[in-house]
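Visitor: Here's a structure for you.
Number of protein chains: 2
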Amino acid sequence: MSNLSSVNRRTLKAGNDMLSDRRQKFVAAATELFSNNGFHETTVKQIAEKAGASPGLVYNYVRDKEELLLLAITGVLESYKEEVPKAVSRHDDPILRFSAALSAYVRVVADKPKATLLAYRYTAILPPPMRERIKDLEVETNQIISDCITACIAVGYFKETNVDVLSYRAVLLAHGWALKSWRLSRLHGVEEYMNGTLDLFLAALLTSNGQRHYKDLCEEGATLR
Amino acid sequence: MSNLSSVNRRTLKAGNDMLSDRRQKFVAAATELFSNNGFHETTVKQIAEKAGASPGLVYNYVRDKEELLLLAITGVLESYKEEVPKAVSRHDDPILRFSAALSAYVRVVADKPKATLLAYRYTAILPPPMRERIKDLEVETNQIISDCITACIAVGYFKETNVDVLSYRAVLLAHGWALKSWRLSRLHGVEEYMNGTLDLFLAALLTSNGQRHYKDLCEEGATLR
DNA sequence: ATCTAAAATGAATGATTGTTCATTTAATTT
DNA sequence: AAATTAAATGAACAATCATTCATTTTAGAT
């Protein structure tokens, strides 16, 4: 009998954070069910069933239903934290880095729109310490975008602005695809939405110097987005 | 003696806009409790208590707890629908009308940030027909903003764009104040946030003609926002 | 005052569901 | 094979609440 709510001490082959695949299955099942039907509307029984186990077993891998919610939310946030820097690192030019960041962000949102909403819907019901962790995760990813913008300003391509607020605006519009997909997807494809958003920012931010540079980039047919 | 007497007892037809004081009090109490503590975390008993009545009485004025949620959400949406057109109608100039719309929107958001979140958090748990009503309400207010933008384009102040998507972007950034106030309010006041948002749109949208006109407006010290 | 019907009460009901735990099954070790 | 430990089960438990309804209170009409 294992009383673990901490780490399962199954074979930790790779030497570390490899969570048991059981646990991961529960989280995956919970994520999907919470996303589709809501947290309160999902029963532990359903989660267990979807993961091919019995309700009782869930509690060998997780303290309670709430922890499953936390893991579902952080799971999505972590895929931002992974994808955005990866996309950014593929470029050297500051403007390209900025647009890569934005574009990666939107791509993740479009990939798992419902999961993206989890954070919006349910962060509030978690106890304060968990809430803080979620916010921290979000801020971290945001910082990456802020850095891109700062770099653009530093080389004179973007006008001076409040960088942090701007990155929040960018993230909000990215999330917007998930928040309002019921309407937006009637007017647009993701690609177009993305490009439109980027255009909005560039049109507002580019200095004349930046405009010139941006045109150059377009002409040399860089993988812009 | 009640104008409602025929309706009150037991069954209350949906879509009845008759508002008794009692009913209103229940809705107000529910709105506050749902906003602060969440829908599922709020009990009917609490709502009744806050409204100074007994739990059973709630059901004389409302079909069920869910209807209370619907009324809470539509209540907020209706204050958009009221405030935004009112603000717009105070101006003739297209650009001023646009900025008045945006500014009014943000003001309502800032006024009841938590209530604003209700729609985001809980629309999904309502049955489809109610969900549709909420979406319709939202689209209606959005349309007002779209119209402002269209007018600006028509007179050559704004560049051509996809008007509907743009109005969604504007609304998203307005909602952003409520969605991310935990962070944004550390960086900014509402006023600044508002102005920054407006600047973003104007910088991106104004034609050279529009820019000229906008400068004139600023110089003649119009009540810009 | 008396009568009548609406308004209001709040204890009881019933259904739901997160969580526990005694028990069974499977896997490892000796 | 036997013994030991871990994994897994799922029925039972306990707590929570939305909702009902028999009853009481209030207030308008006669």
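In order, the protein sequence lines correspond to chains A and B. In terms of this note's numbering, the first sequence is residues 386 to 610. In terms of this note's numbering, the second sequence is residues 386 to 610. Built from N, CA and C at the ideal position, the CB exists for glycine as well.
1. Mind pulling the chain A residues with CB within less than 7 Å of Leu569/B?
2. Starting from Leu551/B, follow the alpha helix (DSSP H) in both directions and report where the run begins and ends.
3. Short check: CB of Glu417/A to CB of Lys435/A, under 9 Å?
4. Can you tell me whether DSSP reads Leu591/A as helix, strand or coil?
5. Is there at least one Cβ from chain A nearer than 9 Å to Phe586/B's Cβ?
6. With 7 Å as the limit, tell me which residues of the segment 493-518 of chain B have their beta carbon closer than that to any beta carbon of chain A; keep them in chain order.
7. For Asn547/B, which residues in chain A fall below 9 Å Cβ to Cβ?
8. So is Ser564/B in contact with chain A if we call contact Cβ pairs under 9 Å?
9. Does the Cβ-Cβ distance between Leu557/B and His560/A come in under 9 Å?
10. Just checking: is the beta-carbon of His425/A within a distance shorter than 9 Å of some beta-carbon in chain B?
11. Using three-state DSSP, classify Phe419/B as helix, strand or coil.
12. Is Cys537/B buried or exposed, if buried means 16 or more other CB atoms sit within 10 Å of its CB?
13. Rank Asn594/A, Ala485/A, Asp521/A and Pro514/A by C-alpha distance to the C-alpha of Ala539/A and give the top, closest one.
14. Grouping DSSP H, G and I as helix and E and B as strand, with all else coil, what is Phe543/B?
15. For the candidate residues Pro440/B, Lys497/B and Tyr465/B, whose alpha-carbon lies nearest to that of Arg408/B?
16. I'd like to know if Ala589/A contacts chain B, where contact means its C-beta is closer than 9 Å to some C-beta of that chain.
17. Specify the secondary structure class of Gln596/A as computed by DSSP and reduced to three states.
18. Using a Cβ cut-off of 8 Å, pull out every chain A residue sitting near Lys326/B, in sequence order please.
19. So, at 7 Å on beta carbons, what are the nonlocal neighbours of Leu442/A in its own chain, with the 5 sequence-adjacent residues on each side left out?
20. Hey, could you find the ends of the alpha helix (DSSP H) Val429/B is sitting in?
21. Report the three-state DSSP secondary structure of Ala438/A (helix, strand or coil).
22. Mind listing the chain A neighbours of Gly437/B? Cutoff is C-beta to C-beta under 8 Å, in chain order.
23. Can you tell me whether DSSP reads Asp584/B as helix, strand or coil?
24. Roughly how many angstroms lie between the CA atoms of Glu605/B and Pro479/B, to the nearest whole one?
25. Between Leu583/A, Leu456/A, Phe424/A and Ser405/A, which lies nearest to Ile534/A when the distance is taken from Cα to Cα?
26. Does the separation of the CB atoms of Glu468/A and Tyr446/A fall below 9 Å?
27. Any idea if Lys565/B is buried or exposed, counting beta-carbon neighbours within 10 angstroms, 16 or more meaning buried?
28. Would you identify the three-state DSSP class for Leu511/A, choosing helix, strand or coil?
29. Could you pull the start and end residues of the alpha helix (DSSP H) that Gly460/B belongs to?
30. Identify which residue in Asp532/B, Tyr507/B, Lys600/B and Tyr599/B has its Cα closest to the Cα of Asn422/A.
31. Please confirm if His560/B has its CB atom under 9 Å from at least one CB of chain A.
32. With C-beta atoms as the reference, is Ile529/A less than 9 Å away from Ala486/A?
33. Distance cutoff 9 Å, beta carbons only. Does Leu557/A sit that close to anything in chain B?
34. Which value, in whole angstroms, describes the spacing of the CA atoms of Arg554/A and Tyr444/B?
35. Run the CB neighbour count on Glu545/B, radius 10 Å, all protein chains shown included, and call it buried at 16 or more, exposed below.
36. Rounded to a whole number of angstroms, what is the C-alpha to C-alpha distance between Arg610/A and Glu576/A?
Guide: In this structure, then:
1. The count along the second sequence starts at 1 and reaches residue 569/B at position 184. Chain A residues near Leu569/B: Val550 and Tyr553.
2. The sequence position of residue 551/B within the second sequence is 166, counting from 1. Unbroken alpha helix (DSSP H) run through Leu551/B: Val548 to Leu564.
3. Numbered from 1 along the first sequence, position 32 holds the residue referred to as residue 417/A. Numbered from 1 along the first sequence, position 50 holds the residue referred to as residue 435/A. It is a contact, given that the beta carbons lie within the stated cut-off.
4. What you label residue 591/A is simply residue 206 of the first sequence in a count that begins at 1. It is a strand residue.
5. Counting from 1 along the second sequence, the entry for residue 586/B is found at position 201. Yes, contact with chain A.
6. Tyr505, Arg506, Ala509 and Ile510
7. Translated into the one-based positions of the second sequence, residue 547/B becomes position 162. Within chain A, the residues near Asn547/B are Leu572, His573, Glu577 and Gly581.
8. For the purposes of this step, residue 564/B is identified with residue 179 of the second sequence, where counting begins at 1. One point to set straight first is that residue 564/B is Leu, not Ser, in the sequence displayed. Yes, its Cβ sits closer than 9 Å to a Cβ of chain A.
9. Walking along the second sequence from the start, residue 557/B turns up at place 172. Walking along the first sequence from the start, residue 560/A turns up at place 175. Yes; because the gap between Cβ atoms is below 9 Å, this pair is in contact.
10. Looking up residue 425/A in the first sequence gives position 40. Chain B, which has a Cβ nearer than 9 Å to the Cβ of His425/A, makes this yes.
11. Within the second sequence, the letter at position 34 stands for residue 419/B. Correct three-state label for Phe419/B: helix.
12. The count along the second sequence starts at 1 and reaches residue 537/B at position 152. Counting Cβ neighbours within 10 Å, Cys537/B comes out buried, since at least 16 surround it.
13. The sequence position of residue 539/A within the first sequence is 154, counting from 1. Checked all of Asn594/A, Ala485/A, Asp521/A and Pro514/A; the closest Cα to Ala539/A is Asn594/A.
14. As a first step, residue 543/B must be located in the second sequence, where it is residue number 158. DSSP places Phe543/B in strand when its eight states are reduced to three.
15. Locating residue 408/B in the second sequence gives position 23, where the first residue counts as 1. Comparing Cα positions, the closest option is Pro440/B.
16. Taking the first residue of the first sequence as 1, we reach residue 589/A at position 204. Yes, its Cβ sits closer than 9 Å to a Cβ of chain B.
17. Within the first sequence, the letter at position 211 stands for residue 596/A. Three-state DSSP puts Gln596/A in a helix.
18. Residue numbering for chain B in the displayed model covers 386 to 610; residue 326/B lies beyond these limits and cannot be assessed.
19. Here residue 442/A corresponds to residue number 57 of the first sequence, with the count starting at 1. Within the same chain, Leu442/A has close Cβ partners Ala433.
20. Here residue 429/B refers to the residue found at position 44 when the second sequence is read from its first residue. Here the alpha helix (DSSP H) through Val429/B covers Val429 to Lys435.
21. As a working note, residue 438/A is residue 53 in the first sequence. Note: Ala438/A maps to coil in three-state DSSP.
22. Sequence index remark: in the second sequence, residue 437/B carries index 52 (1-based). Simply none; closest approach about 27 Å.
23. Working through the second sequence from its first residue, we reach residue 584/B at position 199. Asp584/B falls in the helix class under three-state DSSP.
24. As a working mapping, residue 605/B is identified with position 220 in the second sequence. As a working mapping, residue 479/B is identified with position 94 in the second sequence. Their backbone Cα atoms lie some 16 Å apart in a straight line.
25. Position 149 of the first sequence, counting from 1, holds the residue named residue 534/A. If we check each option's Cα against that of Ile534/A, Leu583/A comes out closest.
26. For this step, residue 468/A is matched to residue 83 along the first sequence. For this step, residue 446/A is matched to residue 61 along the first sequence. Against a cut-off of 9 Å, the Cβ pair of Tyr446/A and Glu468/A comes out as no contact.
27. If you number the second sequence from 1, residue 565/B lands on position 180. Lys565/B should be labelled buried.
28. Taking the first residue of the first sequence as 1, we reach residue 511/A at position 126. Leu511/A falls in the coil class under three-state DSSP.
29. Position 75 of the second sequence, counted from the first residue, corresponds to residue 460/B. Lys450 to Val473 is the extent of the alpha helix (DSSP H) around Gly460/B.
30. Reading the first sequence from its first residue, position 37 is the one you call residue 422/A. For Asn422/A, the nearest C-alpha among the options comes from Tyr507/B.
31. The count along the second sequence starts at 1 and reaches residue 560/B at position 175. So, interface residue.
32. Here residue 529/A corresponds to residue number 144 of the first sequence, with the count starting at 1. Here residue 486/A corresponds to residue number 101 of the first sequence, with the count starting at 1. A contact, by the Cβ cut-off of 9 Å.
33. The residue labelled residue 557/A in the question sits at position 172 within the first sequence. For Leu557/A, the answer is yes, since a Cβ of chain B falls inside 9 Å of its Cβ.
34. To locate residue 554/A, count along the first sequence from 1; it is residue 169. To locate residue 444/B, count along the second sequence from 1; it is residue 59. Their backbone Cα atoms lie some 43 Å apart in a straight line.
35. Looking up residue 545/B in the second sequence gives position 160. Glu545/B should be labelled exposed.
36. Stepping through the first sequence from its first residue, residue 610/A is reached at position 225. Stepping through the first sequence from its first residue, residue 576/A is reached at position 191. Note on Arg610/A: pLDDT 48, under 50, position unreliable in the model; the coordinate value appears next. Distance between the alpha carbons of Arg610/A and Glu576/A: 10 Å.
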